[in-house]
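First comes the structure, then the notes that go with it.
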Amino acid sequence: MMQLRGSVISHWHILLEEFSTSTQEFYKAVEQAVRERNLPEVELSRVLFKEGGIGTAQREYLRVQRKRVAFDICSAPYGNGHFFSWWLAKIPAKYGLLIVAAAILVGLPVWAIFATILTKIFEGACFSFVLGPLMFLLGIPVILLGLGSLVERGMIGDEEWVLSIPWVGYLYAVVFNPTTYYRQDTAMMFRDSLRSAVNEVINGLRTEKGLRGLGEQELAPEGEGTA
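Under this note's numbering, the residue at position 207 of the sequence shown is numbered 213, and the numbers go up by one with no gaps.
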């Protein structure tokens with residue numbers, strides 16, 4: 007199944023000339039290296055990306071995913087060498103419009119029932135006096151919390167877009183996405199653990215063939231960031 011790569015946080019690649027290996031065996035070795043690290047909240051899968059537009063071939067990547075952050079790994083022969091790369095990216099939300107539409111379809115009947123009940127309880131002028139403050143104090147916060155939870159889980163909307171909205175972005179960050187040492191450290195641990203797994207497998211394959219292992223400079227990613 008083809009997946010969108012999302013917004014790239016960090017990237018690394020290298021073409022090793024006069025070197026060859028099996029892509030599938032490499033992926034299996036990386037999967038084993040990841041499992042041996044016992045990383046929490048991590049899922050392993052294979053994803054397909056199109057090489058170009060509609061009708062072009064697809065290339066298989068190994069994906070290691072934690073929540074909405076994906077570490078996509080590529081292994082492919084190229085000429086007389088072999089190409090390796092990885093992409094650390096934030097996955098865009100799925101099915102956002104469908105979920106919002108479903109929420110509206112469900113919410114309208116619930117609202118109608120709730121309003122009918124309040125009409126029976128608070129008849130006449132008291133109804134309008136009580137309903138407004140009640141919905142403002144209870145209904146709006148509940149709705150915002152529900153929508154915020156869906157955004158945070160990646161089910162609707164885009165977190166970066168919400169964070170950019172004045173006031174709304176601040177409230178969302180306070181409730182759902184506070185910047186803490188724990189969140190930053192966890193993101194870096196996830197990234198560095200997978201980098202270590204990939205580097206370990208590549209250098210292991212090279213050592214088996216009597217070649218030198220890659221150094222820190224060769225293994226350093228092009229961009230650094232946190233998820």
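Virtual Cβ for every residue (Gly too), placed ideally from N, Cα, C.
ask   = Just curious, the beta strand (DSSP E) that Glu66 is in, first and last residue?
value = Per DSSP, the continuous beta strand (DSSP E) segment holding Glu66 begins and ends at 64-72.
task = Assign Ser155 to one of three DSSP states: helix, strand, or coil.
result = Helix at Ser155.
query = Would DSSP call Val116 helix, strand or coil?
reply = Val116 falls in the helix class under three-state DSSP.
ask   = Once you ignore the five residues that flank Glu24 on each side, which residues in its own chain have a CB closer than 7 Å to its CB?
value = Scanning its chain for C-beta atoms nearer than 7 Å, with the 5 sequence neighbours on each side dropped, one finds around Glu24 the residues Asn86, Gly87, in chain order.
request  = Return yes when the Cβ of Arg52 is within less than 9 Å of the Cβ of Ala67, no when it is not.
outcome  = Note that residue 67 is Tyr in the sequence shown here, rather than Ala. Yes.
query = If you draw a straight line from the alpha carbon of Leu22 to that of Thr186, how long is it in whole angstroms?
reply = So the alpha carbons of these two residues sit roughly 39 Å apart.
task = Just the C-alpha distance for Ala203 and Trp18, rounded to the nearest angstrom, thanks.
result = Each residue's CA atom was taken as its position, placing Ala203 and Trp18 some 14 Å apart.
ask   = From what residue to what residue does the alpha helix (DSSP H) around Gly210 run?
value = Per DSSP, Gly210 belongs to the alpha helix (DSSP H) from 187-214.
DSSP-derived helix/strand/coil call for Arg41 = Helix, per DSSP.
ask   = Residue range of the beta strand (DSSP E) that Glu49 falls in?
value = Unbroken beta strand (DSSP E) run through Glu49: 49-56.
ask   = CB Ile15 to CB Arg197, shorter than 9 Å?
value = Yes, Cβ-Cβ distance for Ile15 and Arg197 is below 9 Å.
query = Between the beta-carbon of Gln71 and the beta-carbon of Val48, is there less than 9 Å?
reply = Yes, the pair counts as a contact, with Cβ atoms nearer than the cut-off.
inquiry  = Taking the alpha-carbon of Gly216 as reference, which of Gln223, Ile208, Glu222 has the nearest alpha-carbon?
reply    = Scanning Gln223, Ile208, Glu222 for the CA closest to the CA of Gly216 turns up Ile208.
task = Note down the Cα distance separating Thr232 from Pro115, rounded to an integer number of angstroms.
result = Caution is warranted here: a pLDDT of 49 is assigned to Thr232, below 50, making its placement in the model unreliable, and the coordinate value is therefore given only provisionally. Going by the C-alpha atoms only, they are around 42 Å apart.
inquiry  = Please classify Asp191 as buried or exposed, where buried requires at least 16 neighbouring CB atoms within 10 angstroms.
reply    = With fewer than 16 other Cβ atoms within 10 Å, it is exposed.
message = Short of 7 Å in beta carbon distance, which residues of its chain neighbour Trp93, apart from the five on each side in sequence? Order them along the chain.
response = For Trp93, same chain residues with a beta-carbon under 7 Å away, outside a window of 5 residues either side, are Arg11, Val14, His17, Asp78 in chain order.
request  = Measure the C-alpha to C-alpha separation of Ala76 and Lys96 and round it to an integer number of angstroms.
outcome  = For Ala76 and Lys96, the distance between alpha carbons rounds to 6 Å.
request  = Decide if Tyr33 is buried, meaning its Cβ has at least 16 other Cβ atoms within 10 Å, or exposed.
outcome  = Classification for Tyr33: buried.
Identity of the residues DSSP links to Lys96 by a beta bridge = In the DSSP assignment, Lys96 forms a beta bridge with Ser13, Val75.
task = Please list, in chain order, all residues of the same chain as Thr29 whose beta carbon is under 7 Å from its beta carbon, the five residues on each side excluded.
result = Contacts found: Ser81, Ala82.
inquiry  = Considering Cα atoms alone, identify which of Gly210, Glu228, Met195, Leu220 is closest to Glu31.
reply    = Of Gly210, Glu228, Met195, Leu220, the residue nearest in Cα terms is Gly210.
inquiry  = Once DSSP output is grouped into helix, strand and coil, what is the label at Phe25?
reply    = Coil.
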